Amino acid sequence: MDKVQSALQTLGLTPSEKGGSLGASFFGSGEVIESFSPADGRSIGGVQAVTRQEYLRIVSSAQEAFRYWRKVPAPQRGEIVRQIGLALRKYKEPLGILVSYEMGKIYQEGLGEVQEMIDMADFAVGLSRQLYGLTIASERPNHRLMEQWHPLGPVGIITSFNFPVAVYAWNAFVAAVCGDPVVWKPSEKTPLCAVAVQKIIGDVLKENNVPEGVFTLAVGGREVGEWISEDPRLPLVSATGSIRMGRIVGQKVAARLGRTILELGGNNAAIVTPHANQDLALRAIIFGAVGTAGQRCTTTRRLILHADIYEEFLEKLLKAYQQLRIGHPLDETVHIGPLIDEQAVQVYLRALDTVREQKGRFLLEGGRMADMPSPYYVSPSIAEMPEQMPITCEETFAPLLYVMKYHDLEEAIELNNAVPQGLSSAIFSDNFQECEYFISPEGSDCGLANVNAGTSGAEIGGAFGGEKDTGGGREAGSDSWKAYMRRQTNTINYGKDLPLAQGIKFDF
Ligand code: UN1
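Have a look at this one:
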């Protein structure tokens, strides 16, 4: 607890006298959203939500800032993001503690999230000098055809509780170097992480005389998400969360012909073939299945094992699960922290019942744990499923792993692809043909397909996202930045004649 108090203090989140609330009215004057730590159930502080009027003002300030920010040369925008990266390095430990305590992931993963923000800052700084367009051979004499990438406008960013800071950085830092201000609606389950990040960024902006409107925060409930989705002043909305939420956001933004980047649910499978290095596979699968207590969109939810190694591998897996320690996320000997809240526990417990009803057989049956610092700690489950069932097509945000048997690789890939979601996937094999087949056009249909690496824990350098119900968006590395800019095609005639394209004659 002392660790948490001193982290909050270092981050400038000191509770006011009134009922332990942070009194962060700076962020709004609406209802107080109280943040409870799933680690011990205690209130960490309250953040006031924004009212409709305040929301409208926040977006106006982002619009105003856009007029300034789009004129700042991209490498200078990168310089601001570079300084944000330095500030995050300075606050890595306290912010890692807050992420861990407010979200419930273990401290190592809390630190990992802040590191992911730092990596994104570095990436964005480099990107700020690489926002290239193409020059294209023109079909007309004395003509040049080229494309430029211009800033798009303020971007709405809706993030989920499970990555309360990293996913924001994927979007915000790229948007910022692209010349777009951001309006961030964090999860109401982790508002303090957002306030802490906002303060760190705010100090950098102040030191550099950059308008506050470049990075804005709009804390609130579902209605703020709706305001963002319906707001024509936000040409792009990037949303991370459930498929249900993504459908609503997607439809609302599409109705006004805005753009979306959707990163929704995953239902990720790992295939272990008879040619696998089983020790390596085991480590990757366990981290994938129970890391973050199964609350990553990239969590390994389905294990597809070849019949020849089925019994052997499961035996090792069950033995390894016995070694896992569940407990307070800030206890550094622990592997698994709590679920986020009571609702998450209920969803997990209901899924366990459904597994039983749908022909599942538990090899390890978990459930709510007694005598823990809060009621939100659960032990993980492994269920053998004779075939694909409705429950195995759903994403249950908890440490619940389904196991299925396969006989030939085509069948395994069919199983991999036979769910509505298409985020991440993995194959474990030292056989070249098997690995290449898995990532070929006939292989995994997911946005991420890994070989001898788990389904979770992607690096920021690649584009992150998935197909089908996962929403199709791409964030973070590679050329994801293009979604945050508008492409302008320029035709430049440096001759004295006016030849028309397609050879059309129009003489008069
Ligand atoms: C998410 O769960 O929404 O690949 C994102 C990973 C992390 C990001 C997960 N880098 O597991």
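All you need for our numbering is the position in the sequence shown, starting with 1, plus 3.
Glycine included, C-beta positions come from ideal geometry on N, C-alpha and C.
The model shown is predicted, which means the values in this text are computed figures rather than measured ones.
Flag residue i as yes when its Cβ comes closer than 6 Å to any non-hydrogen atom of the ligand UN1, and as no otherwise.
i      : result
CYS515 : In the structure as shown, the chain starts at 4 and stops at 511, and residue 515 therefore has no counterpart that could be examined.
CYS300 : yes
ALA347 : no
ALA172 : no
SER384 : no
ALA461 : yes
ASN270 : no
PHE126 : no
ASN455 : no
PHE164 : no
What did DSSP end up calling residue i once you bin it into helix, strand or coil?
i      : result
PHE166 : coil
SER64  : helix
ALA52  : coil
GLU34  : coil
TYR110 : helix
SER384 : strand
GLN151 : strand
ASN212 : coil
ARG46  : One detail in the question is off: residue 46 reads as Ser in this sequence, not Arg. In the structure shown, SER46 sits in a strand (DSSP, three-state: E or B).
MET407 : strand
SER241 : strand
SER28  : Any answer about SER28 is weak, because its pLDDT of 42 lies below 50 and its placement is not dependable; what the coordinates show is given next. The answer is helix: DSSP assigns SER28 an H, G or I state.
THR13  : helix
GLY22  : Confidence in GLY22 is poor, its pLDDT being 45 and thus under 50, which makes the residue's placement too unreliable to answer from.
VAL222 : coil
LYS2   : Any question about residue 2 goes unanswered here, given that the chain covers just 4 to 511.
THR395 : helix
GLN8   : helix
GLY205 : helix
GLY88  : helix
GLU462 : coil
LYS485 : helix
GLY182 : coil
GLN505 : helix
VAL454 : strand
PRO478 : A small correction: the amino acid at residue 478 is Glu; Pro does not occupy that position in the sequence shown. Looking at GLU478 - three-state DSSP - the assignment turns out to be strand.
ASN174 : helix
VAL75  : coil
GLN118 : helix
PHE39  : strand
Exposed or buried, which one is residue i when buried takes at least 16 other CB atoms within 10 Å?
i      : result
SER131 : buried
PRO238 : buried
LYS471 : buried
TYR487 : buried
LEU89  : exposed
PHE400 : buried
GLN424 : buried
ARG305 : buried
HIS410 : exposed
GLN51  : buried
ARG353 : exposed
LYS74  : exposed
ARG70  : exposed
THR138 : exposed
THR494 : exposed
GLY211 : According to the sequence displayed, residue 211 carries Asn and not Gly. So ASN211 ends up on the exposed side.
ILE416 : buried
PRO402 : buried
ARG477 : buried
LEU355 : buried
ASN270 : buried
- Item | Uninterrupted beta strand (DSSP E) stretches inside the segment 417 to 449 (no shorter than 3 residues) | 427 to 431
- Please list the segments of the beta strand (DSSP E) lying wholly inside the segment 312 to 376, counting only runs of 3 or more residues, in order along the chain. 364 to 367
- Item | Every unbroken alpha helix (DSSP H) within the segment 229 to 312, with a cutoff of 4 residues, ordered by chain | 246 to 258, 281 to 293
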